[in-house]
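Engineer:
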Amino acid sequence: MNLTLTQLRYVVAVARYGSVTMAARALNVSQPSISVAIDNVEDALGQKLFVRQRGSGIALTSFGRGAVAKARQVLAEADELAALGSREADVGGELVLGCFEDLAPYFAPALMRAFAERCPSVTVIVRDETFETLGRRLADGAVDLGLTYDLGLPAHFKRVLLHELRPHALLPAGHVLADKRTVSLAELAAHPLITTEQPHSWQHMLDLFLSRGLSPVAQSSTSSFELQRSMVANGFGVAVSYTRPHGDRSYDGLPLVCKPISDPLPMQRIILAHDTRQRLPKPALAFIEVAKAWLASHDVFNG
Numbered sequence: 293m294n295l296t297l298t299q300l301r302y303v304v305a306v307a308r309y310g311s312v313t314m315a316a317r318a319l320n321v322s323q324p325s326i327s328v329a330i331d332n333v334e335d336a337l338g339q340k341l342f343v344r345q346r347g348s349g350i351a352l353t354s355f356g357r358g359a360v361a362k363a364r365q366v367l368a369e370a371d372e373l374a375a376l377g378s379r380e381a382d383v384g385g386e387l388v389l390g391c392f393e394d395l396a397p398y399f400a401p402a403l404m405r406a407f408a409e410r411c412p413s414v415t416v417i418v419r420d421e422t423f424e425t426l427g428r429r430l431a432d433g434a435v436d437l438g439l440t441y442d443l444g445l446p447a448h449f450k451r452v453l454l455h456e457l458r459p460h461a462l463l464p465a466g467h468v469l470a471d472k473r474t475v476s477l478a479e480l481a482a483h484p485l486i487t488t489e490q491p492h493s494w495q496h497m498l499d500l501f502l503s504r505g506l507s508p509v510a511q512s513s514t515s516s517f518e519l520q521r522s523m524v525a526n527g528f529g530v531a532v533s534y535t536r537p538h539g540d541r542s543y544d545g546l547p548l549v550c551k552p553i554s555d556p557l558p559m560q561r562i563i564l565a566h567d568t569r570q571r572l573p574k575p576a577l578a579f580i581e582v583a584k585a586w587l588a589s590h591d592v593f594n595g
């Protein structure tokens with residue numbers, strides 16, 4: 293069996309991007325070069341690594357997931373070997389960070405900047421993910437680390453705690469509850485609740501009410517967090533959220549009122565997650581330390 297590091301890099305890139313076209317663009321090589329590399333690796337291993345999905349690129353087979361995980365390990369060790377002549381503090385290679393879509397705009401760029409100061413030789417790729425896609429891409433090795441809330445991840449994933457948040461109520465300006473110092477879930481349940489369509493998110497929010505024996509009235513859902521905020525600001529209902537951008541205004545410029553919730557509710561965790569079945573490369577380990585230090589020294593969603 294004669295496999296080259298270049299062939300393995302091409303295979304790992306396709307697994308990361310879910311597309312030969314996107315992998316070729318990222319690596320600045322031709323699509324045929326990557327297709328030939330995949331064919332050669334599959335011939336050498338005697339099994340298919342990928343299956344084509346109509347309209348949604350390609351996906352790893354069960355065998356492919358294990359093969360790509362091993363390929364990533366080989367490439368990481370090769371990068372470490374090549375770096376032996378560098379300064380001990382230098383860390384090189386590539387890091388793919390998957391970020392839950394609501395958190396990505398608020399943390400990913402700042403963390404990338406802090407990490408670049410610590411490890412300038414590492415190329416960081418950031419990918420927006422939903423709760424569902426993040427867990428799958430971590431398992432497939434498409435991303436190394438996931439920055440997310442602690443929702444919807446398998447039990448075997450390791451969770452590195454970065455921060456804990458209390459939920460708050462989102463109200464339109466002039467709402468009957470807007471002048472109160474705090475609001476209760478019982479008070480919120482009397483008004484239409486607007487949730488997002490992210491399955492783990494809306495179920496979690498409903499569970500907060502159900503844990504107090506409450507059922508919110510006339511719910512509606514939105515496709516994104518920012519649309520949810522705009523719907524609230526325009527008077528269509530109330531919401532419960534952990535994420536709080538700087539400046540309490542919606543995208544269309546209307547004011548939002550954020551109030552603490554008086555009920556004793558569990559904290560939500562912002563975490564970095566990774567699949568324990570896969571070896572973390574040095575860039576990922578270094579990023580964890582940078583992220584922990586950065587989050588510890590910054591206010592998070594304090595308005």
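Under the numbering used here, think of the first position of the sequence shown as 293, with each following residue one higher. Glycine residues also receive a C-beta, built at the ideal position from the N, C-alpha and C atoms.
#1: If you follow the beta strand (DSSP E) that Arg561 is in, where does it begin and where does it stop?
#2: Counting along the chain, where does the beta strand (DSSP E) carrying Leu352 start and finish?
#3: Using the beta-carbon count (16 or more within 10 Å), is Gly433 buried or exposed?
#4: Which value, in whole angstroms, describes the spacing of the CA atoms of Arg308 and Pro558?
#5: Would you identify the three-state DSSP class for Tyr543, choosing helix, strand or coil?
#6: Using 10 angstroms around the beta-carbon of Ala368, count the other beta-carbons present and answer buried if the total reaches 16, otherwise exposed.
#7: What residue range does the alpha helix (DSSP H) around Ser533 cover?
#8: I'd like the list of long-range same chain contacts for Arg344, defined as Cβ closer than 6 Å, with 5 residues on each side in sequence excluded.
#9: What residue from Arg364, Ser512 and Pro459 has the CA that sits closest to Val303's CA?
#10: Considering only DSSP beta bridges, list what Ile486 is partnered with.
#11: For a quick check, are the C-beta atoms of Ser542 and Arg521 less than 9 Å apart?
#12: Only counting the same chain, and skipping five residues up and downstream in sequence, which positions put a Cβ closer than 7 Å to that of Leu454?
#13: Going by C-alpha to C-alpha distance, which of Leu403, Leu373, Phe392 and Val383 sits closest to Ser589?
#14: Relative to the C-alpha of Ser533, which candidate in Lys340, Gly338, Arg419 and Arg458 has its C-alpha closest?
#15: Tell me whether the segment 460-478 and the segment 400-419 touch, counting them as touching only if at least three CB pairs, one residue from each stretch, are closer than 8 Å.
#16: I'd like to know whether the C-beta atoms of Leu430 and Leu445 end up nearer to each other than 9 Å.
#17: When you compare the CB positions of Leu297 and Val366, do they come within less than 9 Å of one another, or not?
#18: Leaving aside the five residues before and after Trp494 along the sequence, list all residues of the same chain whose C-beta is less than 8 Å from its C-beta, in chain order.
#19: In its own chain, which residues sit with a C-beta less than 7 Å from the C-beta of Asp555, not counting the 5 before and 5 after it?
#20: Using the Cβ count rule (16 or more neighbours within 10 Å means buried), how would you classify Thr440?
#21: Using beta-carbon positions only, say whether Ala576 and Asp436 come within less than 9 Å of one another.
#22: Helix, strand or coil: how does DSSP classify Val258 here?
#23: Would Arg571 pass as a contact of Ala374 if the rule is Cβ separation under 9 Å?
#24: Just to confirm, is the Cβ distance from Ala329 to Ala318 under 9 Å?
#25: Whose CA, out of His492, His496 and Val468, lies closest to the CA of His483?
Structural biologist: Once the coordinates are examined:
#1: Note, Arg561: beta strand (DSSP E), Gln560 to Asp567.
#2: From DSSP, the beta strand (DSSP E) with Leu352 extends over Ile350 to Leu352.
#3: It counts as buried.
#4: One C-alpha to the other measures close to 34 Å.
#5: In the structure shown, Tyr543 adopts coil according to DSSP, grouped into three states.
#6: With 16 or more Cβ atoms within 10 Å of its Cβ, Ala368 is classed as buried.
#7: For Ser533, there is no enclosing alpha helix (DSSP H); the residue is part of the beta strand (DSSP E) that begins and ends at Ala531 to Ser533.
#8: Excluding positions up to five away in sequence, the list reads Ile350.
#9: Put simply, of Arg364, Ser512 and Pro459 the residue whose alpha carbon is nearest the alpha carbon of Val303 is Arg364.
#10: Ser512.
#11: Taking 9 Å as the Cβ cut-off, Ser542 and Arg521 qualify as a contacting pair.
#12: Counting only Cβ-Cβ distances below 7 Å, and skipping sequence neighbours, we find Ile562, Ile563, Leu564, Ala583, Lys584 and Leu587.
#13: When only C-alpha atoms are compared, the closest one is Leu403.
#14: For the residues Lys340, Gly338, Arg419 and Arg458, the minimum Cα distance to Ser533 belongs to Arg458.
#15: No, the segment 460-478 is not in contact with the segment 400-419.
#16: Judged by their CB atoms, Leu430 and Leu445 are nearer to each other than the 9 Å cut-off.
#17: Their beta carbons are under 9 Å apart, which means Leu297 touches Val366 by this criterion.
#18: A distance below 8 Å between beta-carbons, with the five flanking residues on each side excluded, links Trp494 to the following residues of its chain, in chain order: Thr487, Thr488 and Ser513.
#19: For Asp555, where only same-chain residues beyond five positions count, the Cβ hits under 7 Å are Ser476, Leu477 and Arg504.
#20: Counting every other CB atom within 10 Å of its CB across the protein chains shown gives Thr440 a total of 16 or more, marking it as buried.
#21: Yes, the Cβ-Cβ distance between Ala576 and Asp436 is below 9 Å.
#22: As displayed, the chain neither begins before 293 nor continues past 595, which places residue 258 out of reach and without an answer.
#23: No.
#24: In this structure, the beta-carbon distance from Ala329 to Ala318 does not fall below 9 Å.
#25: Checked all of His492, His496 and Val468; the closest Cα to His483 is Val468.
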